[in-house]
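Numbering (the working numbering), first residue to last: 79 to 391.
Positions of the beta carbon are idealized from the N, C-alpha and C atoms, including for glycine.
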Amino acid sequence: MGFKPFFTRCSAALVILAATLSFGCDVKKVLLNGQIEATRKASNAINSTSDWEIAQGAAYAGIAQIEGLRYLAPDNEDALYMLTRTWTSVGFGFIEDKMEDVEDAQGTMSPDYDFQKRRAIAAYTRAVWYGKQLLESKHKGLDAASKNADTIKTYLKQFDDKETDPETLFWVGYAWVSATNVQKEKGEVVGQLFIGVAMLERSAELDPTYNFGSAEAVLGAYHARSPMAEPDEAKVHLEKAMQIAGTKSLLPKLQYAIRYDCLTNNKADYTAKLNEILAAGDGDPYQRLTNTIAKRRAKRWLDPKRMSSACAF
């Protein structure tokens, strides 16, 4: 009898301590998720700079930070989204840019080109890896649905939120198509291309205006991938992308020139579009980096050697 109050007090104290510790863990989780959410919102700021070198350094540093945040919160959808988008953007905006430089200087058989190509493959592969986790967090069954074009389209119909799903599907699809594009020699990779294409198609179906028509532009480039592809479909997508982008984003015009005009051997339209890109003004303030990348590529693709080797002009 004399010991009962003591044990009662101890039990109560242990309950309070456990609750405090549990509450502390919840607070840490809330703070971490809040930091990741804020990082996602703030990540768009770098797009307002036109300094390619600064943006490159910031992008590489940003990846390390986001990887760390994702490590602490492995299931956080904002972190998975940022890693999908950032690895894809780094692959296209910086690594493939370097690939083209090395290609022009040393050719595609050089060790430096092979090194940059392997970097691009690694970046896009990592983006796809995170992207698949992001899609699975929203709707289970991606792998099972990847058997053929019909099953993946049925799976993607579940993504019907026009506010958030277009961007998610765009970045995962873009990473998937880009990963295939830099390793076209691998049949097993090309055989899975339809999955990324279906994601881009669903993104465009939900909101063709997302990111200034980016899904339409990438689909246009896909359909212009070779003379045996679908150039008529490519033209439809690229013209729609250019109409959506207007003067705010230059990437659709770049893709139109270096994919469709190059494929169809239309040198007059090709050079006209690329020169228009170089002469373009600021465009949208939050597309300065994207437009800087487009201008770098336009200048490179106007080089006579590249026009000859890539487009047979």
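So residue i and residue j are supposed to be a Cβ contact under 8 angstroms. How far apart are they, rounded?
i: Ile124; j: Ala136; result: 5 angstroms
i: Arg280; j: Leu212; result: Rounded, the Cβ-Cβ distance is 14 angstroms, inconsistent with contact.
i: Leu158; j: Tyr191; result: With 8 angstroms as the limit, Leu158 and Tyr191 do not qualify as a contact, their Cβ atoms being about 31 angstroms apart.
i: Leu110; j: Ala142; result: That pair is no contact at about 17 angstroms.
i: Gly298; j: Tyr334; result: 7 angstroms
Quick one: what does DSSP say residue i is sitting in, helix, strand or coil?
i: Gln261; result: coil
i: Gln270; result: coil
i: Gly185; result: coil
i: Pro286; result: coil
i: Gln236; result: coil
i: Glu241; result: coil
i: His315; result: helix
i: Phe391; result: coil
i: Asn122; result: helix
i: Lys218; result: coil
i: Phe85; result: Only weak support exists for where Phe85 lies, its pLDDT of 45 falling under 50; the value from the coordinates is given anyway. If DSSP states are grouped into helix, strand and coil, Phe85 belongs with the helices.
i: Met385; result: helix
i: Ala376; result: helix
i: Gly361; result: coil
i: Thr325; result: coil
i: Lys303; result: This sequence places Arg at residue 303; Lys is not what is there. Residue state, collapsed to three classes: coil.
i: Gly146; result: helix
i: Ala151; result: coil
i: Gly291; result: coil
i: Glu308; result: coil
i: Asp190; result: helix
i: Ser281; result: helix
Assuming contact is defined by CB atoms lying nearer than 8 angstroms, are residue i and residue j in contact in what I supplied?
i: Pro330; j: Leu316; result: yes
i: Thr403; j: Leu367; result: The chain is shown from 79 up to 391; residue 403 falls before or after that span and cannot be answered.
i: Ala253; j: Thr117; result: no
i: Gly39; j: Gly274; result: This structure leaves residue 39 out entirely; the chain is present only between 79 and 391.
i: Asp156; j: Glu115; result: yes
i: Thr232; j: Ala223; result: yes
i: Gly140; j: Thr164; result: yes
i: Gly359; j: Ile322; result: no
i: Phe272; j: Ala227; result: yes
i: Asp425; j: Lys326; result: The structure shown does not extend to residue 425, since the chain is modelled only from 79 through 391, so no value can be given for it.
i: Leu147; j: Gln113; result: yes
Whose C-beta lies closer than 7 angstroms to the C-beta of residue i among residues of the same chain, with five residues either side of it excluded?
i: Thr203; result: Ala257
i: Leu332; result: Ile355, Ala372, Arg375 and Ala376
i: Ala198; result: Gly169, Ile173, Glu174, Met177 and Val260
i: Tyr364; result: Asn122, Asn125 and Ser126
i: Ala133; result: Ile124, Thr127 and Leu367
i: Val296; result: Tyr252, Val255 and Leu278
i: Pro243; result: Here the sequence assigns Asp to residue 243, which means Pro is not the residue at that position. So the list reads Phe237 and Leu284, once near-sequence residues are dropped.
Got a sec? Which residues, its chain only, sit under 6 angstroms from residue i by beta carbon, not counting five neighbours each side?
i: Ala293; result: Phe248, Leu278, Ser281 and Ala282
i: Lys318; result: Glu294
i: His301; result: Ala307, Glu308, Glu311 and Ala312
i: Trp130; result: Thr370
i: Ile230; result: Ala223, Ser224, Ile273 and Ala276
i: Thr287; result: Ile322
In chain order, what residues of the same chain lie with their CB nearer than 8 angstroms to the CB of residue i, ignoring the 5 residues before and after it?
i: Asp182; result: Arg378, Asp381, Lys383 and Arg384
i: Phe84; result: The pLDDT assigned to Phe84 is 41, lower than 50, so where the model puts this residue is not dependable, and the model offers no usable value.
i: Ala346; result: none
i: Gly185; result: Tyr191
Output yes if chain D places a C-beta closer than 8 angstroms to the C-beta of residue i; else output no.
i: Gly274; result: As a matter of chain content, chain D is missing from the structure shown, which is built from one protein chain.
Cβ contact check for the stretch 333-346 and the stretch 301-320: 3 or more pairs under 8 angstroms:
Under the Cβ criterion (8 angstroms, minimum of three pairs), the stretch 333-346 counts as touching the stretch 301-320.
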